[in-house]
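Chemist: Take a look at the following structure, please.
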Amino acid sequence: MLERLLENAINRVVTDSAAGRFLAPLAGSVIALQLFGPDRLLYLAPTRERIEVTRQARQEPDVTICGGPSAFARTLYPAVVPA
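Numbered per my numbering, the sequence shown finishes at 90, counting up by one with no gaps.
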(Lines of atoms letter the chains of each structure in order from A and count residues from 1; the text may use other names and numbers.)
(Lines give C-alpha, C1' and ligand atoms only; values in the text may rest on other atoms or scores of the structure.)
Protein backbone atom coordinates (compact mmCIF):
# COMPACT_ATOMS: atom_id res chain seq x y z
CA MET A 1 0.00 0.00 0.00
CA LEU A 2 2.63 2.56 1.07
CA GLU A 3 4.86 1.63 -1.83
CA ARG A 4 2.05 2.23 -4.37
CA LEU A 5 1.22 5.63 -2.85
CA LEU A 6 4.88 6.64 -2.84
CA GLU A 7 5.43 5.36 -6.38
CA ASN A 8 2.41 7.26 -7.69
CA ALA A 9 3.48 10.48 -5.95
CA ILE A 10 7.06 10.25 -7.21
CA ASN A 11 6.03 9.47 -10.76
CA ARG A 12 3.51 12.30 -10.85
CA VAL A 13 6.40 14.69 -10.23
CA VAL A 14 8.67 12.92 -12.70
CA THR A 15 6.11 12.98 -15.52
CA ASP A 16 4.89 16.51 -14.76
CA SER A 17 8.33 18.08 -15.11
CA ALA A 18 11.61 17.80 -16.94
CA ALA A 19 12.88 15.54 -14.15
CA GLY A 20 12.59 12.53 -16.44
CA ARG A 21 15.80 13.49 -18.19
CA PHE A 22 17.62 13.06 -14.88
CA LEU A 23 16.42 9.46 -14.59
CA ALA A 24 18.45 8.15 -17.54
CA PRO A 25 21.79 8.15 -15.65
CA LEU A 26 20.10 6.41 -12.69
CA ALA A 27 18.39 3.71 -14.77
CA GLY A 28 19.35 0.26 -13.55
CA SER A 29 20.46 1.39 -10.10
CA VAL A 30 18.75 0.54 -6.81
CA ILE A 31 18.25 2.96 -3.93
CA ALA A 32 17.34 1.53 -0.52
CA LEU A 33 15.07 3.79 1.53
CA GLN A 34 15.17 2.89 5.25
CA LEU A 35 12.30 4.58 7.11
CA PHE A 36 12.25 4.77 10.91
CA GLY A 37 9.07 5.07 12.98
CA PRO A 38 7.44 2.97 11.59
CA ASP A 39 10.38 0.85 10.47
CA ARG A 40 10.15 0.06 6.81
CA LEU A 41 12.63 -0.75 4.06
CA LEU A 42 11.69 0.15 0.50
CA TYR A 43 13.67 0.06 -2.72
CA LEU A 44 13.55 2.64 -5.48
CA ALA A 45 14.42 1.33 -8.94
CA PRO A 46 14.71 4.12 -11.50
CA THR A 47 14.11 3.42 -15.18
CA ARG A 48 14.40 5.92 -18.02
CA GLU A 49 10.75 6.98 -17.61
CA ARG A 50 9.74 6.35 -14.01
CA ILE A 51 10.74 5.11 -10.57
CA GLU A 52 9.45 1.77 -9.31
CA VAL A 53 8.99 1.33 -5.54
CA THR A 54 9.18 -2.23 -4.20
CA ARG A 55 9.70 -4.15 -0.96
CA GLN A 56 12.40 -6.38 -2.47
CA ALA A 57 15.51 -5.32 -4.35
CA ARG A 58 16.40 -6.98 -7.63
CA GLN A 59 20.07 -6.41 -6.84
CA GLU A 60 22.28 -5.07 -4.07
CA PRO A 61 21.41 -1.39 -3.43
CA ASP A 62 23.85 1.18 -4.78
CA VAL A 63 23.05 3.49 -1.87
CA THR A 64 20.92 3.48 1.30
CA ILE A 65 19.12 6.58 2.55
CA CYS A 66 17.91 6.43 6.18
CA GLY A 67 15.60 8.64 8.21
CA GLY A 68 12.22 9.20 9.75
CA PRO A 69 9.17 10.55 7.92
CA SER A 70 9.70 14.07 9.26
CA ALA A 71 13.34 14.11 8.07
CA PHE A 72 12.27 13.13 4.56
CA ALA A 73 9.47 15.71 4.62
CA ARG A 74 11.92 18.45 5.69
CA THR A 75 14.23 17.46 2.85
CA LEU A 76 11.43 17.66 0.30
CA TYR A 77 9.63 20.69 1.77
CA PRO A 78 12.13 22.68 3.89
CA ALA A 79 10.05 25.87 3.93
CA VAL A 80 6.90 24.05 5.09
CA VAL A 81 8.05 21.48 7.67
CA PRO A 82 9.70 22.89 10.84
CA ALA A 83 12.93 21.32 12.10
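The beta-carbon is built from N, C-alpha and C at its ideal position, and this holds for glycine as well. Bear in mind the structure is a predicted one, so any value in this text is a computation, not a measurement.
In the DSSP assignment, the beta strand (DSSP E) including leucine 40 goes from what residue to what residue?
Modeler: Its beta strand (DSSP E) spans residues 38 to 42.
Chemist: Can you give the Cα-Cα distance for isoleucine 38 and arginine 65, rounded to whole angstroms?
Modeler: Spanning the two alpha carbons is a distance of roughly 11 Å.
Chemist: Can you check DSSP and say which residues form a bridge with leucine 51?
Modeler: Looking at the DSSP assignment, leucine 51 forms a beta bridge with Ile38 and Val60.
Chemist: Any chance the segment 28 to 38 sits against the segment 73 to 83, with 3 or more Cβ pairs inside 8 Å?
Modeler: With a cut-off of 8 Å, the segment 73 to 83 and the segment 28 to 38 do not count as touching, because too few Cβ pairs lie within range.
Chemist: On the DSSP bridge assignment, give the partners of isoleucine 72 in chain order.
Modeler: Looking at the DSSP assignment, isoleucine 72 forms a beta bridge with Leu40.
Chemist: Going straight from the alpha carbon of arginine 28 to that of arginine 55, what length do you get?
Modeler: Cα to Cα, the separation comes out at about 8 Å.
Chemist: Roughly how many angstroms lie between the CA atoms of arginine 57 and arginine 11, to the nearest whole one?
Modeler: Approximately 13 Å, taken between the alpha carbons.
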